[in-house]
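Heads up: the sequence shown begins at 72 in this note's numbering, then just goes up one per residue.
Ideal Cβ placement from N, Cα and C applies to all residues, glycine included.
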Amino acid sequence: MAVFEGTFTQTEPLRFAVVIGRFNDLVTGKLLEGCQDCLKRHGVDPNPHGNQVDYVWVPGSFEVPIVARQLALSHRYDAVICLGAVIRGQTPHFDLVSSEAAKGIAAASFQTGVPVIFGILTVDTMQQALERAGIKGNHGWDYAMNALEMASLMRQLRSNLAEPYSRNPQSLPASFPSASVGNLTAESEEIV
Numbered sequence: 072m073a074v075f076e077g078t079f080t081q082t083e084p085l086r087f088a089v090v091i092g093r094f095n096d097l098v099t100g101k102l103l104e105g106c107q108d109c110l111k112r113h114g115v116d117p118n119p120h121g122n123q124v125d126y127v128w129v130p131g132s133f134e135v136p137i138v139a140r141q142l143a144l145s146h147r148y149d150a151v152i153c154l155g156a157v158i159r160g161q162t163p164h165f166d167l168v169s170s171e172a173a174k175g176i177a178a179a180s181f182q183t184g185v186p187v188i189f190g191i192l193t194v195d196t197m198q199q200a201l202e203r204a205g206i207k208g209n210h211g212w213d214y215a216m217n218a219l220e221m222a223s224l225m226r227q228l229r230s231n232l233a234e235p236y237s238r239n240p241q242s243l244p245a246s247f248p249s250a251s252v253g254n255l256t257a258e259s260e261e262i263v
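Here it is, written out as C-alpha cells:
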C-alpha cells in the first residue's frame, strides 16, 4: 500500500486560477495579497502577466462558484482558489449567499476533479473580516497553502493511480468499466 501527501515544493509546473469577489474589496484585496505572498514564497510566479496564475474578478461571493467551475472545467489549472467575504447584516441575505457560495464551490470541485479552494470569509462583522485578512493573520495565505498541497496531491494521485491500470487493464476492479482505462490514461497524460 502507499501513502500520498501533497508537498509545497516543485511548484514550477503548477498553474492556478484565483477568483476574487469584488464586494467587500477592502477585505478581498487583503486576502489576495496574502494568497500571492504565499504562492511567491513557495516558488510560484504570482504575476498576472506570467504563466502560472490567472486572476478573475467577479461582482461578489455569490458569483464566484460559476466562474470557478468554468475555470476548473478547462483543466488548465491544478487548483482554483476562491476568495470572497460575506459579512452578516440584518437580513437573511448573509445566510443565502454564504450557503450558496459554499455549495457551489464544493460542487465545482466534485464535478471537475480539480481542487477548488473555499476561501470565502463568512463573518459577523467587518472587524472580524479584517482580523482574518491581515490584522491578526491573513487567511489568504492559508487558502494558497491549501491550493499548493491539493494541487500536488492530485498530481500524485492521478499519475500513481492511472499507472498500474494503463499497463494492465485486467488489474482493474470488477466494478470498473473497461472503457475507463483509456480515460484514466488520457486524463493522466493531459494533466502531467
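- Within the same chain, and ignoring the five residues on either side of alanine 139 in sequence, the residues whose Cβ sits closer than 7 angstroms to its Cβ are Val90, Val151, Cys153, Ile176, Ala179 and Val187.
- In the DSSP assignment, threonine 99 falls within the unbroken alpha helix (DSSP H) covering 96 to 112.
- A Cβ-Cβ contact shorter than 8 angstroms links valine 194 with isoleucine 158.
- If you look at valine 135, you'll find it in the alpha helix (DSSP H) that goes 135 to 144.
- Inclusion of leucine 224 and threonine 183 in the CB contact set at 8 angstroms is not warranted, their separation being larger than that value.
- In the DSSP assignment, alanine 172 falls outside any beta strand (DSSP E) and lies within the alpha helix (DSSP H) extending over 164 to 183.
- Of the candidates Arg226, Ala200 and Ala172, the residue whose Cα lies closest to the Cα of valine 129 is Ala172.
- Asparagine 209 sits in a strand when the DSSP states are folded into three classes.
- Around asparagine 217, the same chain offers Ile188 as residues with beta carbons nearer than 6 angstroms, after the five sequence neighbours per side are excluded.
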